[in-house]
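If you're matching positions, the sequence shown starts at 17 in my numbering and goes up one per residue. One structure below.
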Amino acid sequence: MTEAAISPVASGGQNTVTAHLNGRQKAAILMLAVGREKSAKLLKMLHEDEIRDISVTMASLGLVRADLVESVCHEFSRNFESADGLVGTYETTEEMLRKALPEDQVAKIMDEIRGPAGRTMWDKLGNVQETVLANYLRNEYPQTAAVILSRLQPAHAARIFALLPEDYATDVMMRVLHMETVQRDVLDSVEATLRSEFMSSLGRSSKRNSYELLAEIFNNFDRKTETRLMASMDNRNHDDMEKVKALMFTFEDIKRLPHESLMRIVNEMDRDKLPLALKGASETVRKMFLQCMSKRAGSILMEEIEALGPVRVRDADAAQAEIVGTIKNMANAGEIDLTESGGNDEIIP
Numbered sequence: 017m018t019e020a021a022i023s024p025v026a027s028g029g030q031n032t033v034t035a036h037l038n039g040r041q042k043a044a045i046l047m048l049a050v051g052r053e054k055s056a057k058l059l060k061m062l063h064e065d066e067i068r069d070i071s072v073t074m075a076s077l078g079l080v081r082a083d084l085v086e087s088v089c090h091e092f093s094r095n096f097e098s099a100d101g102l103v104g105t106y107e108t109t110e111e112m113l114r115k116a117l118p119e120d121q122v123a124k125i126m127d128e129i130r131g132p133a134g135r136t137m138w139d140k141l142g143n144v145q146e147t148v149l150a151n152y153l154r155n156e157y158p159q160t161a162a163v164i165l166s167r168l169q170p171a172h173a174a175r176i177f178a179l180l181p182e183d184y185a186t187d188v189m190m191r192v193l194h195m196e197t198v199q200r201d202v203l204d205s206v207e208a209t210l211r212s213e214f215m216s217s218l219g220r221s222s223k224r225n226s227y228e229l230l231a232e233i234f235n236n237f238d239r240k241t242e243t244r245l246m247a248s249m250d251n252r253n254h255d256d257m258e259k260v261k262a263l264m265f266t267f268e269d270i271k272r273l274p275h276e277s278l279m280r281i282v283n284e285m286d287r288d289k290l291p292l293a294l295k296g297a298s299e300t301v302r303k304m305f306l307q308c309m310s311k312r313a314g315s316i317l318m319e320e321i322e323a324l325g326p327v328r329v330r331d332a333d334a335a336q337a338e339i340v341g342t343i344k345n346m347a348n349a350g351e352i353d354l355t356e357s358g359g360n361d362e363i364i365p
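Written as structure tokens, this is what we have:
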């Protein structure tokens, strides 16, 4: 499209020209307008569902008039013409909603937003405790449950299947096996039901799971305090302590992760903390980290560990906690799955 082909549009008419377009159509037009290289960079930053929606819309656009392209670009640039940019927070979102919607509707929307983390409904479900989701699915049609479980990570789905009645679980698995491609309108309907009936009530009834909260607290104890209070809790209520332990992730739990995940972790973490962290780690975890490095890098690491000499336990714990923090951030971003337990079983020396 040449510059001469673009007809001028008065600034006051921008909204009129683009009024019939929805958000997906505007995004698709903008992607085409900025060119392949820039749009490719933008697509890499989007979620898979967003990429699919924009791609489908882009493919169905056909010929777009020059004045429409110009109007979309104008509208986009006008929204970001502020030198300070835009900042979106829970507070600003809630404030805007209160100006447009009734109080109960605002509360419902904010409960959903503040609910389990995730960019899409399926991301959010992946962060819902399996017992909660299993209890919900028990009352759903097997076909609906099959659609939902087929969209989750296999490890998460497996734990949910294990909690369902055997006959019902078998029925759902057979439907997963023979399920044809799910139409977009069916998925939209399932998402809408989950959003209105499940996620909103979950956000209101469980601001934060108490077991998850206590697991996070235990993750931040020093080793001595953790051992002492864990034993005390276990004596008081063994089942409760087991539930908390199942949600905890410690440095030693790294041995449960597959090699591919650990490779990503090594690339992201602060390497300077690794010698001190491994000083207080088991031989199994040390070997796993060494397997992610070249022979020369591994030799240097072992030399750095030996050169440390005696170290305080709390210093080693602090280094391990920092690496665990990086791991959890990667898990929250969907880069790794902490529920995986690939081929890295504990090694017997």
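Don't be surprised by glycine CBs; every beta carbon is placed ideally from N, CA and C. Here the structure is a predicted model, which means the values were calculated and not measured.
The shortest C-alpha to C-alpha distance from serine 310 to any of Glu111, Ala185, Asn283, Ile270 is the one to Asn283. Counting other Cβ atoms within 10 Å of its Cβ, leucine 165 reaches 16 or more and is therefore classed as buried. Contact annotation: alanine 161 and leucine 168 have beta-carbon atoms that are not nearer than 8 Å. Rounded to the nearest whole angstrom, the CA to CA distance from lysine 240 to alanine 335 is 16 Å. Between the C-alpha atoms of arginine 191 and asparagine 151 there is a straight-line separation of about 19 Å. Phenylalanine 267 is not a Cβ neighbour of isoleucine 321, given a cutoff of 8 Å. Closest by C-alpha distance to glutamate 182, out of Asn345, Val148, Val198, Pro158, is Pro158. Glycine 39 has its alpha-carbon roughly 16 Å from the corresponding atom of leucine 58. Exclusion of the five residues before and after methionine 74 leaves Ala44, Met47, Leu48 as the residues of its chain whose Cβ lies within less than 7 Å of its Cβ. DSSP, read as helix, strand or coil, puts proline 181 in coil.
Phenylalanine 265 and asparagine 236 do not touch by the CB rule: their CB atoms are close to 12 Å apart, not below 8 Å. Separation of glutamine 41 and aspartate 69 (C-alpha to C-alpha, rounded to the nearest whole angstrom) is 10 Å. Looking at the backbone, the Cα of leucine 273 and that of arginine 175 are separated by about 17 Å.
For arginine 280 against methionine 346, the beta-carbon gap comes to about 7 Å, under 8 Å, which counts as contact.
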